[in-house]
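*Asks:*
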Amino acid sequence: MRRRLLALAITLTAAVLAALVAPLVAAHAEERAITIHERRLAAATRFATLADSVGDASSLGPDLMRYGEVTESTRTWIVDIDGSVLAPAGSDLPADVPGLAGAVRDALAGTPTSAPTALWPWQTEPLIVATPIGRDAQILGAVVMLEDTSAARDNVQRAMVLAAAGGAVVLALVAWLVGVPLVGWVVRPVDDLTTRVEQLSRGRTPTEGRHVGPPELRRLAESFDDMAANVEHSRQQQRELVADVSHQLANPLTALRLRLENLAVDDPAVEPVLAETERMARSLDAVIEISRAGGFDRRLSEVDVARQLRERVALWAPLFEDLLTVRVDVDTAPAFLEEDLVPTVLDVLLDNALKYAEGRSVDVALEQAGDAWRVTVRDHGDGVSAAEAAELGRRFHRLERHAGVEGTGLGLAIVVLRVRDADGNVVFDPADPGLRTVISLPARLDRGTTAAPPDAAGPAG
């Protein structure tokens, strides 16, 4: 936006300068044309008067030649009433000059040439000056001059170059002294507001705004401040609600589960109730976790994604009975994330792989992809279709064929929200067979990475 506004301001300024400078250059080109024509017409008129007075126009040949030598740019002829050249003797009018024949006819008819409108650098034809000898009905011939206008055209070209250079200097000064500050005055509050909107959209408290710039933008910033305050108030209420729910429900559920465990020792019929209680506890934990995602300021710290991935896979490896393999292409993978993000994501994905791809191999990989760390978890189970993969990550979404498998339908939703909170990305792809989940997390590459040895891939555990 800044560049577009600055380009618009420069374009408008250039148009104004062109509107001011162009008439000056045109006036200079016109003045040069009129001046040269008047001088040569005056000389031609003197020669016409001499030719009329001496009677023998051919005797003026030496005078015409001397005049050409003095001016160094003019050729002059005296023609008879029939168009034949009288002086200088033995010369002819050039036949390749556009407009010359018409000018001679007009002069022999008693009409001298008029000055051209302007002389421009791209006009290479000579200037034609023709005036009749005699007057009224006694036209005896005409004096014809061809003026080389290269010097005058060079003068006009220099004036155009100077005008363009001066205009460019003025344009640069105006852009630097007026355009840049003006565009900054307009765009700076927009940039500030954009930054604060991004902070709010990521669940962070926006920095205090600076109410500067045009009145309309100041009012917009004030309205945003009011909205941000309301959003922060809603967040605080949500925090309090989550804390209350966690306290009011989690503790009674824990007490109920303990009592049911004691009863189950003597009464096996209590086992289903205990299992349902444990399911409710897991559902409550998932609801609380998903309520925390996507809208709360979180504490970030420097973590090593590679170390966390190795540790988590090692904890899960015994449950997979040598069916879990891990490949890490780097020794260290520094990132600035929540401490529990990578373990939480891996727990959900490996738990799903254990449930839905039971007895099948599962591959976990970590690699660098540009400025991000890419974590891939791929199982070799029955998998999902492309349409089903597009639905994964929705809250409480479960496939009908998995209705009998224990779960809350919130695990992948938690993964998606937590990863997006970290400015990452989640992609679910059918692997045929199985499901491939790709997690991209922003890397902290300024800390450097170390390549893993060639045998980094292998069974987990």
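Here the numbering used here is used: the first residue of the sequence shown is -2, the next is one more, and so on. Heads up, the beta-carbon is just placed ideally off N, CA and C, and yes, glycines get one too. Nothing here was measured: the structure is a model prediction, and the numbers come from that model.
Classify residue 349: buried if its beta carbon has 16 or more other beta carbons within 10 angstroms, exposed otherwise.
*Replies:* For the purposes of this step, residue 349 is taken as the residue at position 352 of the sequence shown. Buried.
*Asks:* Mark residue 58 as exposed unless 16 or more other C-beta atoms lie within 10 angstroms of its C-beta, in which case mark it buried.
*Replies:* As a first step, residue 58 must be located in the sequence shown, where it is residue number 61. Result: buried.
*Asks:* My parser needs the beta strand (DSSP E) runs of 3 or more residues fully inside the stretch 127 to 180; what are they?
*Replies:* The stretch 127 to 180 contains these whole beta strand (DSSP E) runs: 135 to 144.
*Asks:* From the beta carbon of residue 245, is the nearest beta carbon of chain D less than 7 Å away?
*Replies:* Note that chain D does not occur in the displayed structure, where there is just one protein chain.
*Asks:* Is it buried or exposed for residue 305, if we count other Cβ within 10 angstroms and need 16 for buried?
*Replies:* Position 308 of the sequence shown, counted from the start, is the residue given in the question as residue 305. Buried, by the Cβ-count rule.
*Asks:* Note down, in chain order, each residue of its chain lying with its Cβ closer than 6 Å to the Cβ of residue 444, except the 5 sequence neighbours on either side.
*Replies:* Locating residue 444 in the sequence shown gives position 447, where the first residue counts as 1. Confidence at residue 444 is low in this model, with a pLDDT of 49, below 50, so its placement is unreliable and no value can be given for it.
*Asks:* Identify whether residue 433 lies in helix, strand or coil by the three-state DSSP scheme.
*Replies:* To locate residue 433, count along the sequence shown from 1; it is residue 436. In the structure shown, residue 433 sits in a strand (DSSP, three-state: E or B).
*Asks:* Once DSSP output is grouped into helix, strand and coil, what is the label at residue 362?
*Replies:* Translated into positions along the sequence shown, residue 362 becomes position 365. Of the three classes helix, strand and coil, the one that applies to residue 362 here is strand, per DSSP.
*Asks:* When the Cα of residue 370 is compared with those of 354, 410 and 329, which residue comes out closest?
*Replies:* On the sequence shown, position 373 is the one that residue 370 refers to. Residue 370 has its Cα closest to that of 329, out of 354, 410 and 329.
*Asks:* Taking buried to mean at least 16 other C-beta atoms within 10 Å of its own C-beta, is residue 308 buried or exposed?
*Replies:* Here residue 308 corresponds to residue number 311 of the sequence shown, with the count starting at 1. Looking at its Cβ environment, which holds fewer than 16 other Cβ atoms inside 10 Å, residue 308 is exposed.
*Asks:* Just tell me which of 265, 235 and 271 has its CA closest to the CA of residue 252.
*Replies:* Start at 1 with the first residue of the sequence shown, and residue 252 comes out as number 255. Of the listed residues, the one whose Cα sits closest to residue 252 is 271.
*Asks:* Between which residues of its own chain and residue 29 is the CB-CB distance below 7 Å, once the five residues before and five after are set aside?
*Replies:* Residue mapping note: residue 29 aligns to position 32 of the sequence shown, counting from 1. Within the same chain, residue 29 has close Cβ partners 116, 149, 152 and 153.
*Asks:* Taking the alpha carbon of residue 208 as the point to measure from, which residue in 184, 436 and 195 has its own alpha carbon closest?
*Replies:* Counting from 1 along the sequence shown, the entry for residue 208 is found at position 211. Among 184, 436 and 195, the Cα nearest to that of residue 208 belongs to 184.
*Asks:* Assuming residue 301 is part of the alpha helix (DSSP H), what are its boundary residues?
*Replies:* One-based indexing of the sequence shown puts residue 301 at position 304. From DSSP, residue 301 is part of no alpha helix (DSSP H) but of the beta strand (DSSP E) over 298 to 301.
*Asks:* For the alpha helix (DSSP H) that residue 59 lies in, which residues bound it at each end?
*Replies:* Position 62 of the sequence shown, counted from the start, is the residue given in the question as residue 59. First-last of the alpha helix (DSSP H) with residue 59: 58 to 68.
*Asks:* For the beta strand (DSSP E) that residue 424 lies in, which residues bound it at each end?
*Replies:* As a working mapping, residue 424 is identified with position 427 in the sequence shown. It spans 422 to 427 - the beta strand (DSSP E) in which residue 424 sits, taken as one unbroken run.
*Asks:* For residue 301 and residue 327, I'd like the C-alpha separation in whole angstroms.
*Replies:* As a working mapping, residue 301 is identified with position 304 in the sequence shown. As a working mapping, residue 327 is identified with position 330 in the sequence shown. C-alpha separation (whole angstroms): 11 Å.
*Asks:* Go through its chain and collect everything with a Cβ distance to residue 410's Cβ below 7 Å, but skip five positions before and after it.
*Replies:* Walking along the sequence shown from the start, residue 410 turns up at place 413. Hits under 7 Å: 287, 390, 391 and 392.
*Asks:* To the nearest angstrom, how far is it from the Cα of residue 453 to the Cα of residue 325?
*Replies:* Taking the first residue of the sequence shown as 1, we reach residue 453 at position 456. Taking the first residue of the sequence shown as 1, we reach residue 325 at position 328. Note that residue 453 has pLDDT 44, beneath the 50 cutoff, so the model's placement of it is unreliable and the number below is only indicative. Roughly 6 Å between the two C-alpha positions.
*Asks:* Quick check: the stretch 162 to 175 against the stretch 3 to 21, are there 3 or more CB pairs under 8 Å?
*Replies:* The answer is yes - the stretch 3 to 21 touches the stretch 162 to 175, with three or more Cβ pairs under 8 Å.
*Asks:* Which term fits residue 52, buried or exposed, when burial requires 16 or more other beta carbons within 10 angstroms of its beta carbon?
*Replies:* Against the sequence shown, residue 52 aligns to sequence position 55. When all chains shown are included, residue 52 counts as exposed.
*Asks:* Would you list the one or two residues that DSSP bridges to residue 46?
*Replies:* Taking the first residue of the sequence shown as position 1, residue 46 is located at position 49. BP columns for residue 46 are empty, so no partner.
*Asks:* If we ignore side chains and look at the alpha-carbon of each, how far apart do residue 118 and residue 96 end up?
*Replies:* On the sequence shown, position 121 is the one that residue 118 refers to. On the sequence shown, position 99 is the one that residue 96 refers to. The straight-line gap from Cα to Cα measures roughly 19 Å.
*Asks:* Buried or exposed: residue 415, going by 16 or more other Cβ atoms within 10 Å of its Cβ?
*Replies:* What you label residue 415 is simply residue 418 of the sequence shown in a count that begins at 1. Buried.
*Asks:* Going by the beta-carbon positions, is the gap between residue 434 and residue 381 smaller than 7 Å?
*Replies:* Numbered from 1 along the sequence shown, position 437 holds the residue referred to as residue 434. Numbered from 1 along the sequence shown, position 384 holds the residue referred to as residue 381. The answer is no: Cβ separation not under 7 Å.
*Asks:* List, from N- to C-terminal side, the beta strand (DSSP E) runs of 3 residues or more that fit wholly inside the stretch 64 to 114.
*Replies:* Those beta strand (DSSP E) runs which fall completely within the stretch 64 to 114 and span 3+ residues are 71 to 77 and 82 to 84.
*Asks:* Since residue 317 contacts residue 359 with CB under 8 Å, what's their CB separation in whole angstroms?
*Replies:* The residue given as residue 317 occupies position 320 in the sequence shown. The residue given as residue 359 occupies position 362 in the sequence shown. Contact flag correct, Cβ pair sits at about 6 Å.
*Asks:* Can you tell me which of 427, 363, 422 and 376 puts its alpha carbon nearest to the alpha carbon of residue 384?
*Replies:* Here residue 384 refers to the residue found at position 387 when the sequence shown is read from its first residue. For residue 384, the nearest C-alpha among the options comes from 427.
*Asks:* From residue 139 to residue 26, what distance separates their C-alpha atoms?
*Replies:* Locating residue 139 in the sequence shown gives position 142, where the first residue counts as 1. Locating residue 26 in the sequence shown gives position 29, where the first residue counts as 1. In a straight line, the C-alpha of residue 139 is about 28 Å away from that of residue 26.
*Asks:* Just verifying my parser: in three-state terms, what is the DSSP assignment at residue 249?
*Replies:* The residue given as residue 249 occupies position 252 in the sequence shown. Residue state, collapsed to three classes: helix.
*Asks:* Per DSSP, what kind of secondary structure is residue 392 in: helix, strand or coil?
*Replies:* If you number the sequence shown from 1, residue 392 lands on position 395. Note: residue 392 maps to coil in three-state DSSP.
*Asks:* At which residues does the alpha helix (DSSP H) containing residue 212 begin and terminate?
*Replies:* For the purposes of this step, residue 212 is taken as residue 215 along the sequence shown, with counting starting at 1. From DSSP, the alpha helix (DSSP H) with residue 212 extends over 212 to 242.
*Asks:* Return the residue from the list 408, 259, 23 and 0 that minimises the CA-CA distance to residue 157.
*Replies:* Locating residue 157 in the sequence shown gives position 160, counting from the first residue. Among 408, 259, 23 and 0, the Cα nearest to that of residue 157 is on 23.
*Asks:* Suppose the cutoff is 6 Å on Cβ atoms and the five residues either side in sequence are ignored; what does the same chain contact list for residue 143 look like?
*Replies:* By 1-based counting over the sequence shown, the position of residue 143 is 146. Excluding sequence neighbours, residue 143 sits near 72 and 123.
*Asks:* When we look at the beta-carbon of residue 354 and count the other beta-carbons within 10 Å, is it buried (16 or more) or exposed?
*Replies:* For the purposes of this step, residue 354 is taken as the residue at position 357 of the sequence shown. Answer is buried; the Cβ neighbour count reaches 16.
*Asks:* Is residue 419 helix, strand or coil when you go by DSSP?
*Replies:* Residue 419 sits at position 422 when you count from the first residue of the sequence shown. Here residue 419 sits in coil by DSSP.
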